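Going by this note's numbering, the sequence shown opens with residue 57, and the numbers climb by one from there.
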Amino acid sequence: GYQPNPTVSAILSRFRSRSGESFHSTLALVRQCRAPGKVEPWVKAIVETARQEAARLGYGLDFFNLAEMSQKQLDFILRNRGIRGVILSRYRAPAHAEPLKWDRYAWVALSQLEGAPPLHRVGVDHHDAIKTLFQRLKASPYRRLAILHRSTGFGTLGGRSLAPLLLKKAQW
57 GYQPNPTVSA ILSRFRSRSG ESFHSTLALV RQCRAPGKVE PWVKAIVETA
107 RQEAARLGYG LDFFNLAEMS QKQLDFILRN RGIRGVILSR YRAPAHAEPL
157 KWDRYAWVAL SQLEGAPPLH RVGVDHHDAI KTLFQRLKAS PYRRLAILHR
207 STGFGTLGGR SLAPLLLKKA QW
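Written out as structure tokens, the structure reads:
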């Protein structure tokens, strides 16, 4: 049956009250880092950039490392802080744990996730990124170039990241 969207309800009730308060909501960025307290430097940079963009749009952003808490603890924290929107990055469902409460929150995934239901997903356009890389390299004065490409993640990319590389190799 129909269930009202709690975020829309909160916005409309503030709008109807005409109290002059602006709507403020906090989003969660959840990632399974390799270990508790071990957040990779590049992840820290992404979190900081995401915080700045969220603030620009009128949101707060809290970061949670699933390596530091159970999924039950995360759910408890999200509910108590009134967080309803979750950005999920790097998630693998644990074999012997209570699953995340998928129906309680609005989810967006930053990548292909193992053990998660189908979610709205955003990601890098690998094909376009590598095409842009080749355009910039060709315009550079360098002639002996090399590209190092990590082989992990090809299963979830379906080879999309290598397609432009192979096309350019055939054209050169």
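Virtual Cβ for every residue (Gly too), placed ideally from N, Cα, C.
Just so you know, these numbers come straight off a predicted model, no measurement behind them.
For the alpha helix (DSSP H) holding residue i, just list the boundary residues, first then last.
| i | result |
| --- | --- |
| Asp131 | Gln127 to Arg137 |
Taking buried to mean at least 16 other C-beta atoms within 10 Å of its own C-beta, is residue i buried or exposed?
| i | result |
| --- | --- |
| Ser126 | exposed |
| Leu193 | exposed |
| Tyr198 | exposed |
| Leu144 | buried |
| Val86 | buried |
| Asn61 | exposed |
| Leu134 | buried |
| Leu113 | exposed |
Would the beta-carbon of residue i fall within 8 Å of that of residue j?
| i | j | result |
| --- | --- | --- |
| Arg140 | Ser65 | no |
| Ala165 | His176 | yes |
| Gly116 | Ala123 | no |
| Ala84 | Asp118 | yes |
| Pro92 | Asn121 | yes |
My understanding is that residue i touches residue j, with C-beta atoms under 8 Å, so please give their C-beta distance in whole angstroms.
| i | j | result |
| --- | --- | --- |
| Val142 | Trp163 | 5 Å |
| Gln88 | Tyr147 | 6 Å |
List in chain order: all unbroken beta strand (DSSP E) runs of 3+ residues lying wholly within the segment 154-200. Taking only runs of at least 3 residues, the beta strand (DSSP E) segments lying wholly in the segment 154-200 are 162-165.
As an exercise, report each continuous alpha helix (DSSP H) stretch of at least 4 residues that is fully enclosed by the segment 86-131, in chain order. Complete alpha helix (DSSP H) runs here, min 4: 97-112.
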